[in-house]
Amino acid sequence: MKITVISDTHGQHKQLGAMSGDVLIHCGDMFNLFEPSGYDVDMMDHWFGKQKFDLILCVGGNHDNNLQDRYEVEGNPFNNAVFLCDESYEYKGIQFYGSPWVPELYQQAFFKENEELEEAWSKIPNETDILITHTPRKGVLDKSSRGASYGCPYLSKALERVKPRFHCFGHVHNSAGSLTKNGTTYINAAMAGRRHELVRGGFQFEI
1 MKITVISDTH
11 GQHKQLGAMS
21 GDVLIHCGDM
31 FNLFEPSGYD
41 VDMMDHWFGK
51 QKFDLILCVG
61 GNHDNNLQDR
71 YEVEGNPFNN
81 AVFLCDESYE
91 YKGIQFYGSP
101 WVPELYQQAF
111 FKENEELEEA
121 WSKIPNETDI
131 LITHTPRKGV
141 LDKSSRGASY
151 GCPYLSKALE
161 RVKPRFHCFG
171 HVHNSAGSLT
181 KNGTTYINAA
191 MAGRRHELVR
201 GGFQFEI
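See below:
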């Protein structure tokens with residue numbers, strides 16, 4: 001199964017053109033918190049519909065206020081993608097799990113307090129093969145350009161229990177990349193630079 005992972009497109013998704021494969025994963029920050037004109041969920045859904053994948057899975061990020069608002073009223077905000085919010089999705093024997101929550105950014109989308117984060121991450125099933133979040137775990141591909149660590153320690157605790165084969169996320173643009181640690185491959189698929197311009201492509205892997 002060929003999987004493509006993207007994240008932090010911040011309203012610039014049209015620059016990516018058409019992609020293809022088995023599964024596309026978007027790890028959140030589809031929009032730009034500071035530019036409300038880019039907040040068009042339906043246009044994002046239209047773009048998803050043009051991509052040549054058998055399945056598209058996504059979570060929200062801290063810039064996706066409009067996505068959170070739509071989800072709370074209507075449920076899945078997309079027709080052409082599956083939005084995961086503390087949910088599992090099984091596809092061809094592979095167990096996916098998606099959750100959008102972020103720490104510390106209390107005035108932005110999908111924020112939870114520490115106790116709420118610990119509760120949310122405790123729901124991740126042990127049998128998860130591919131975990132999809134917006135935030136990284138603490139200390140893994142989570143460093144800003146100034147060296148600050150923005151990962152979630154409560155997610156780290158959950159990952160010690162779950163040990164998925166892959167953990168896909170974004171959020172910290174400066175730490176995009178991948179590494180394998182203790183049997184889990186971590187993929188920070190953030191595509192944007194400091195000014196939210198797209199500076200890199202997506203990541204691909206097979207499972």
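With the first letter of the sequence shown counted as 1, position 121 gets the number 121 in the UniProt record's numbering; the numbers rise by one all the way through. Every residue gets a Cβ at the ideal spot worked out from N, C-alpha and C, and that includes glycine.
Item                                                                                                    : Value
Distance, Ile130 Cα to Glu160 Cα                                                                        : 14 Å
Three-way DSSP call (helix, strand, coil) for Glu199 in this model                                      : Sequence check: residue 199 is Val here, not Glu. Residue state, collapsed to three classes: coil.
First and last residue of the uninterrupted beta strand (DSSP E) at Lys95                               : A quick correction: the sequence has Gln, not Lys, at residue 95. Unbroken beta strand (DSSP E) run through Gln95: Ile94 to Ser99.
Distance CB(Asp69)-CB(Ala190) smaller than 9 Å                                                          : no
Cα-Cα separation, His171 to Gly61                                                                       : 7 Å
Residues bridged to Ser20 (per DSSP)                                                                    : Lys52
Contact between the segment 21–28 and the segment 71–80 (3+ Cβ pairs under 8 Å)                         : no
Spatially closest choice to Thr135 from Phe48, Trp47, Gly21 and Asp8, by CA coordinates                 : Asp8
Same chain, Cβ closer than 8 Å to Gln108, five either side skipped, listed in chain order               : Leu33, Asn62, His63, Asn65 and Val102
Whole runs of the alpha helix (DSSP H) within the segment 70–130, excluding any shorter than 4 residues : 114–121
Continuous beta strand (DSSP E) stretch holding Leu141: start and end                                   : Unbroken run through Leu141: none, as it is neither H nor E.
Three-state secondary structure assigned by DSSP to Arg194                                              : coil
Bridge-paired residues (DSSP) for Ser178                                                                : Ile187
Three-state secondary structure (DSSP) of Leu57                                                         : strand
Range covered by the alpha helix (DSSP H) that runs through Val162                                      : Pro153 to Val162
Under the three-state DSSP convention, the category Val172 falls into                                   : coil
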